[in-house]
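Undergrad: Would you mind keeping the following structure in view while I ask a few things?
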Amino acid sequence: MASVLRTLQGSLDSLTANTSPDAPAVSRAYDADLDARTNFYIRGDEKNIDKNRTISPVIPSLFGSLSRSVQPVDLPPEAWYPGLRPPVVESQHKAIATRTATSRKHFTEIGERLKTQKARLETFETTKVPGALFSDNFRAARPKDWQAIGSPWTIVDGHLHNQNQDQGGKQSRYECRQVPPRDFVATSKFRITDGNTRSIGLCFDISEPGQFNVYVSPSGQQISLAQTFQGKNTYPGRGKQEIKNGEIYEVTIAVRDRLVNAWVNGQFRLVVKLPIPRRTGRLGISTYQATAEFLGFSFAALDPTIPLFADLKSGQDSSAPRTVLTRATLVKSIDDLKKQQGLLEQDLAVLALESRSLKSRVAAERARYGLDRADVGPLATRAAADQLRHEIAAAELAVQRAENQFAAAGNSKNKTTQALKTALDQARKALEQKRAAKPGTEYKTLGKQFPRRSTGRRTALARWITSPTNPLTARVAVNHIWTRHFGQPLVDSMFDFGTRTVRPDHLELLDHLVTEFITGGWSMKKLHRVITTSRAYQRESRIDTSDPAETRDPDNRLFRRVPVRRMEGEVMRDSLLALSGKLDTTIGGKVFPSAEAATGMRRTIYYRYARDDKFKMLESFDPAGVEECYRRHETIAPQQSLALANSRMVQDLSGAIGRRLSSKSHPAFVDAAYETILGRAPSDNERSLTIEACEALVSQLVKQGLEATAARQQAHGHVAHVLVMHNDFLIIR
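Numbering (our numbering) for the sequence shown: 5 to 737.
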């Protein structure tokens with residue numbers, strides 16, 4: 005077996021152009037090294053290799069022969085070249101189309117904003133334009149406008165100073181007493197002079213439960229958003245930003261509802277979607293284990309025409325909104341919009357060339373590997389030329405973007421400016437190289453390629469495993485499927501079919517089903533049909549104590565009746581979802597964390613099940629083993645009833661079942677509930693007791709102030725919950 009699998013490697017082949025870990029993908033096996041040697045270890049010691057002997061891909065002679073059928077296999081191109089597969093190519097075209105639609109939308113939006121800003125500029129002299137709602141350059145103390153918290157805040161030499169190094173890790177804040185509008189833009193200008201953590205922030209929504217704080221820190225070379233709520237800090241957003249002592253920084257934040265954008269010295273640096281609803285509160289500046297001086301602060305209402313961005317890439321060319329509007333800032337805003345519009349126009353041209361290049365490369369590759377009948381020479385020349393055109397256009401866009409970013413940095417000389425200058429030089433050099441290049445016939449492939457030939461060892465092994473002369477595989481499969489239907493296997497030792505095991509009571513039945521399975525093309529669907537249409541499956545589960553056979557066969561070894569068994573936890577959850585009408589029957593897709601099973605609507609099979617990641621409620625109902633699942637062992641424990649009674653998921657789904665079956669007539673609801681949940685009609689006694697319970701619950705809920713219809717539906721939900729905990733729901737008969 006070691007020799008058969010010696011060449012084996014695994015790959016995760018994406019089903020689309022997206023190669024991220026969360027993208028849909030298929031695990032595939034392939035032979036990576038066709039000449040890999042399987043070593044023979046002397047006495048099993050891996051360090052002691054017998055170099056004169058190797059192990060061939062064979063099986064013990066007791067089980068037959070494998071070596072005769074081992075023949076190399078030439079694979080089709082789409083097997084070893086995933087990039088040629090139609091779904092992958094189609095997804096690449098869709099990705100380009102999506103990016104094109106996004107850029108075109110931004111281009112249109114900026115065009116509308118440009119018209120608005122130009123109109124405002126024409127009437128600027130005669131129209132009163134709102135400026136900042138609040139502004140302070142800290143030339144003098146304004147105690148009526150500010151509330152100081154924490155370490156002392158002082159005005160020295162026309163700057164606001166704060167030393168917060170001895171506060172035991174506490175934040176110091178300078179809160180503006182004027183509450184800003186819900187959607188606002190705020191700017192803080194400062195210089196860090198000393199400290200350990202050296203965190204300087206711009207806080208908003210400061211209130212009793214907590215605050216949000218956009219801060220920069222040299223210790224982490226970052227800009228982050230901290231959320232403080234009921235004494236707990238979380239950090240839902242973070243970005244990279246070089247911060248140095250002694251440098252002046254201007255941080256601008258724009259907030260619209262729960263979307264936050266932030267700029268540092270005019271460079272777009274942070275996007276955060278707040279995870280919790282906002283509360284009305286103050287704005288302020290803050291320090292944490294830092295000494296700093298502040299040169300200015302202002303805020304204004306956020307212009308509704310100014311867009312905020314959902315990701316960094318969308319806003320990479322944007323400029324920070326202004327809190328004070330003057331003719332100069334308005335002209336600057338129009339100039340920035342024109343630059344953004346120009347970049348988007350270039351981006352659309354680049355995307356068009358990228359789409360054309362992809363089509364050309366796909367056509368050339370399909371012709372090269374025989375998938376299409378065409379002359380590969382002209383197609384390769386066209387693919388190389390189209391690719392070069394796309395690369396030149398992309399390089400021109402990169403140069404223009406780098407020039408804009410360098411110009412926006414101004415004349416300040418710091419590490420950030422130097423990095424922008426270096427990036428600009430590199431972009432210009434790359435553009436020169438692309439323009440000097442000649443297309444030729446070489447172009448980029450469509451992705452990774454794997455070996456074009458397989459050893460055939462795994463194919464031979466698979467054929468031997470599924471050979472009619474080797475019934476073991478089919479016997480094991482049939483025994484498992486029978487167990488899933490009856491809760492009791494044909495062969496008790498499900499993990500061992502060796503010669504030392506006890507002879508099964510139904511060996512002839514097992515081999516009959518094996519024959520049906522193999523001759524039916526190994527179709528499990530056909531095997532399920534054979535079992536479920538048999539008289540054995542359709543028998544009753546009721547035990548007749550007067551039957552003499554009960555004395556002769558008390559353990560039901562002859563399957564005279566269908567064994568009674570409890571519903572598996574996964575089936576129970578899916579059944580509740582189905583009865584409530586909420587089950588998502590979508591087939592396929594990614595695996596979800598087990599924590600989402602309590603609120604999710606997908607079938608339980610789509611939730612992760614691992615040693616350290618299990619759905620807690622199902623743990624009470626004897627779940628499958630993590631490493632193996634030959635046969636589950638049923639237990640009866642008080643925790644099972646408690647789980648059904650107290651589980652929020654069960655309560656909610658039971659309520660949904662009750663509302664779904666609810667009727668103005670209690671008797672009609674009771675009949676429907678028993679038939680739907682328990683699969684049988686209620687007895688006369690059950691019917692009368694349940695109707696009385698419904699009436700009593702409705703009366704009690706109405707007295708508590710609930711409206712009659714709502715009270716009836718809630719009462720029916722409680723009754724449905726009781727029936728879900730009934731033995732007849734959990735037991736399969």
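Ideal Cβ positions, reconstructed from N, Cα and C, are used throughout, including at glycine.
Assuming F138 is part of the alpha helix (DSSP H), what are its boundary residues?
TA: It is not in any alpha helix (DSSP H) - F138 instead sits in the beta strand (DSSP E) that spans F138 to D140.
Undergrad: Would you tell me roughly how many angstroms separate the C-alpha atoms of Y239 and Q121, rounded to the nearest one?
TA: Going from the Cα of Y239 to the Cα of Q121 covers about 36 Å.
Undergrad: Bridge partners of N689, per DSSP?
TA: Partner(s): none; N689 has no beta bridge.
Undergrad: Inspect the beta-carbon positions of S155 and S176 and report whether they are closer than 9 Å.
TA: Contact: yes.
Undergrad: Are the region 295 to 308 and the region 261 to 278 touching, with three or more C-beta to C-beta distances below 8 Å?
TA: Because the criterion of three Cβ pairs below 8 Å is not met, the region 295 to 308 and the region 261 to 278 do not touch.
Undergrad: Assuming G205 and S290 make a contact with CB atoms under 8 Å, what is their CB distance in whole Å?
TA: Going by Cβ atoms, the distance from G205 to S290 rounds to 4 Å, so yes, they are a contact pair.
Undergrad: Would you check if there are 3 or more beta carbon pairs closer than 8 Å linking the region 619 to 636 to the region 568 to 582?
TA: As far as the Cβ criterion goes, the region 619 to 636 touches the region 568 to 582, which means the pair count is three or higher.
Undergrad: Inspect the beta-carbon positions of R286 and V183 and report whether they are closer than 9 Å.
TA: Contact flag set, yes.
Undergrad: Hey, out of L424, G173, L16 and N141, whose CA is closest to D161's CA?
TA: Answer by Cα proximity: N141.
Undergrad: Identify, in the order they occur along the chain, each residue of the same chain with its Cβ nearer than 6 Å to the Cβ of L316, setting aside the five sequence neighbours on each side.
TA: If we look at L316 and ignore the five residues flanking it on each side, its Cβ neighbours are V275.
Undergrad: Taking 9 Å as the cut-off, decide whether the C-beta atoms of K336 and I252 are in contact.
TA: Not a contact, by the Cβ cut-off of 9 Å.
Undergrad: Taking 9 Å as the threshold (C-beta atoms), are V518 and T505 in contact?
TA: No, Cβ-Cβ distance for T505 and V518 is not below 9 Å.
Undergrad: When the Cα atoms are used, what is the spatial distance from K425 to A411?
TA: Looking at the two C-alpha atoms, the distance is approximately 10 Å.
Undergrad: At which residues does the alpha helix (DSSP H) containing S645 begin and terminate?
TA: Here the alpha helix (DSSP H) through S645 covers P642 to N650.
Undergrad: Let me confirm a value: F499 is counted as buried when at least 16 other C-beta atoms fall within 10 Å, else exposed. Which label applies?
TA: When all chains shown are included, F499 counts as exposed.
Undergrad: Please classify L450: does DSSP put it in a helix, a strand, or coil?
TA: Correct three-state label for L450: coil.
Undergrad: Where do the N-terminal and C-terminal ends of the alpha helix (DSSP H) with E395 fall, by residue?
TA: It spans V380 to A412 - the alpha helix (DSSP H) in which E395 sits, taken as one unbroken run.
Undergrad: Under a Cβ-count criterion, where at least 16 other Cβ atoms within 10 Å of its own Cβ denotes burial, should K51 be classed as buried or exposed?
TA: The residue in question, K51, is exposed, as its Cβ has fewer than 16 Cβ neighbours within 10 Å.
Undergrad: To the nearest angstrom, how far is it from the Cα of V568 to the Cα of A540?
TA: Distance between the alpha carbons of V568 and A540: 14 Å.
Undergrad: Do G270 and A324 have their beta-carbon atoms positioned less than 9 Å apart in this structure?
TA: Result yes, Cβ atoms of A324 and G270 sit closer than 9 Å.
Undergrad: On the DSSP letters alone, give me the boundaries of the beta strand (DSSP E) that D54 sits inside.
TA: Taken as a continuous stretch (DSSP letters only), the beta strand (DSSP E) holding D54 covers I53 to T58.
Undergrad: May I have the straight-line CA-CA distance separating I46 from N56, to the nearest angstrom?
TA: Approximately 11 Å, taken between the alpha carbons.
Undergrad: Nearest-angstrom Cα distance between A423 and L465?
TA: Rounded to the nearest angstrom, the two C-alpha atoms are 58 Å apart.
Undergrad: For D588, I'd like the list of residues in its chain whose CB is within less than 6 Å of its CB, leaving aside the five on either flank, ordered along the chain.
TA: Excluding positions up to five away in sequence, the list reads M605 and R606.
Undergrad: By DSSP, does K317 sit in helix, in strand, or in coil?
TA: In this structure, K317 counts as coil in the three-state DSSP scheme.
Undergrad: Let me make sure I understand the geometry here. Which of I159, Y178 and A136 has the alpha-carbon closest to that of D149?
TA: Of the listed residues, the one whose Cα sits closest to D149 is Y178.
Undergrad: In three-state DSSP terms, what is W157?
TA: DSSP places W157 in strand when its eight states are reduced to three.
Undergrad: With DSSP as the reference, label A205 as helix, strand or coil.
TA: The residue you asked about is not Ala; residue 205 is Gly in the sequence shown. Correct three-state label for G205: strand.
Undergrad: Closer than 7 Å by C-beta to T130: which residues in its own chain qualify, once you throw out the five before and the five after it? Chain order, please.
TA: The predicted model places T130 with a pLDDT of 49, which falls under 50 and marks its position as unreliable, so this point remains unresolved.
Undergrad: According to DSSP, is V706 part of a helix, a strand, or is it coil?
TA: Note: V706 maps to helix in three-state DSSP.
Undergrad: So, at 8 Å on beta carbons, what are the nonlocal neighbours of T603 in its own chain, with the 5 sequence-adjacent residues on each side left out?
TA: Only M653 meet the Cβ criterion.
Undergrad: Going along the chain, which unbroken runs of the alpha helix (DSSP H) with 4 or more residues stay wholly within the region 505 to 583?
TA: Segments of the alpha helix (DSSP H) lying fully in the region 505 to 583: 511 to 523, 528 to 536 and 553 to 556.
Undergrad: Mind checking whether D209 and R283 have CB atoms under 9 Å apart?
TA: Cβ distance < 9 Å, so D209 and R283 count as in contact.
Undergrad: Distance check for Y611 and E600, CA to CA, integer angstroms please.
TA: Cα to Cα, the separation comes out at about 8 Å.
Undergrad: Determine the direct distance from the alpha carbon of F501 to that of E554, and round the result to whole angstroms.
TA: The alpha-carbon atoms of E554 and F501 are separated by roughly 29 Å.
Undergrad: From L514 to G524, what distance separates their C-alpha atoms?
TA: About 15 Å.
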